[in-house]
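**Q** Okay, so the sequence shown: first residue is 119 according to this note's numbering, each after it adds one.
Take a look at the following structure, please.
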Amino acid sequence: MSMESIEFLPEHNAVKFFGDTDFEHLYKKDGLIESFKDTPLTISSENGSVLLNLQTKPSRYENKLTVNTSGVFVRGVSAMELTDPDSGDVVFSTAATEMNVPDGVGNVHAKQVIVKRIAAPTDEDLILRSEASAYLRGAEGTHMESKELFWSADQDIYLKSINGSIVLSGKDGVFIDVRYLPIASSVNRTDKYSQGTGQFKICVCMPQGKLFRIAVPTGQKVSCAHINMTGDLNPWVKSSNDFSLALGE
């Protein structure tokens, strides 16, 4: 243990530590560890976890709270509350049936969120964003409903159902921004010719399920099966820089 200085406050039944204090273990009979109003309390660990254990029986301790680089884990408690020290208002409670983002909070950051439902007010947008990849999974399926749904990705968007069906339904239809879909060449046409054609047919690579375009010259019939599969012209291996899909109400 190391510390800068210590002060005993018998009138408050407390001990005050100044500056940084290093402990291997800290035992508090009443379980209360706090700071003064104008001084934030910071608990940290170097190359390890912060563990809060509760003595349930003599010489028996159970871990109730763990904080590490993977997240915050609470175990074996009926409820947990985070309160505002100034107002006393409950900011977060595990006993609440829903979690509302407080006023003034613009974003919620998390590596993983497990909930039954995510919703935004009817007059505001709900934006789910990830710097790398985002996964939306439901044990019994995933249902999304909005006036407009817009999905955008730098590379690929995957829609997958294990035991059921995938249904895309919109009152005004389903719209795909095809500007960045790879263009396949017909077996008897060059890629340059395809790029200059104004109308295209949307095709699907099976079983990969990737979308691609094939030029449809005026007055000609074109099949998705009659495409050039050689080298870089193969739409199965072409990658798009951006992709988006929208559903209109």
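Backbone N, C-alpha and C fix where the C-beta goes; we use that ideal spot for every residue, glycine too.
Residue 201 and residue 209: beta carbons closer than 8 Å?
**A** Going by C-beta atoms, residue 201 is nearer than 8 Å to residue 209.
**Q** Determine which residues share a DSSP beta bridge with residue 340 and list them.
**A** Per DSSP, none; premise fails for residue 340.
**Q** Whose C-beta lies closer than 7 Å to the C-beta of residue 238 among residues of the same chain, with five residues either side of it excluded?
**A** Excluding positions up to five away in sequence, the list reads 244.
**Q** Sort 195, 279, 273, 259 by Cα distance to residue 329 and report the nearest one.
**A** When each option's Cα is compared against that of residue 329, the closest is 273.
**Q** Can you tell me where the beta strand (DSSP E) holding residue 295 begins and where it ends?
**A** Residues 292-295.
**Q** When the Cα of residue 203 is compared with those of 173, 158, 124, which residue comes out closest?
**A** The candidate whose alpha carbon is nearest that of residue 203 is 158.
**Q** Spell out the partners DSSP gives residue 333 in its beta bridges.
**A** In DSSP, residue 333 forms a bridge with 318.
**Q** Cα-Cα, which of 317, 288, 279, 295 is closest to residue 338?
**A** That would be 317, whose Cα lies nearest to the Cα of residue 338.
**Q** Indicate the three-state DSSP secondary structure (helix, strand or coil) for residue 249 in the structure shown.
**A** It is coil, neither helix nor strand.
**Q** Identify whether residue 145 lies in helix, strand or coil by the three-state DSSP scheme.
**A** Coil.
**Q** Could you check which residue in 253, 213, 212, 290 has the C-alpha nearest to that of residue 229?
**A** The option with the nearest alpha carbon to residue 229 is 253.
**Q** Taking residue 255 as the reference, give the member of 240, 277, 180 with the closest Cα.
**A** It is 277 whose Cα lies nearest to the Cα of residue 255.
**Q** Ordered along the chain, which non-local residues of its own chain (more than five positions away) have a Cβ less than 6 Å from that of residue 185?
**A** Around residue 185: 168.
**Q** According to DSSP, is residue 129 helix, strand or coil?
**A** The answer is helix: DSSP assigns residue 129 an H, G or I state.
**Q** Does residue 178 pass the burial test, meaning 16 or more other C-beta atoms within 10 Å, or should it be called exposed?
**A** It is exposed - the Cβ of residue 178 has fewer than 16 other Cβ atoms within 10 Å.
**Q** Measure the Cβ-Cβ separation of residue 194 and residue 182 and say whether it is below 8 Å.
**A** Contact: yes.
**Q** From 129, 166, 171, pick the residue whose C-alpha is nearest to that of residue 146; which is it?
**A** Ranking the options by Cα distance to residue 146, first place goes to 171.
**Q** On the criterion of 16 or more Cβ atoms from any shown chain inside 10 Å, does residue 257 qualify as buried, or is it exposed?
**A** Exposed.
**Q** Would DSSP call residue 179 helix, strand or coil?
**A** Reduced to three states, the DSSP call for residue 179 is strand.
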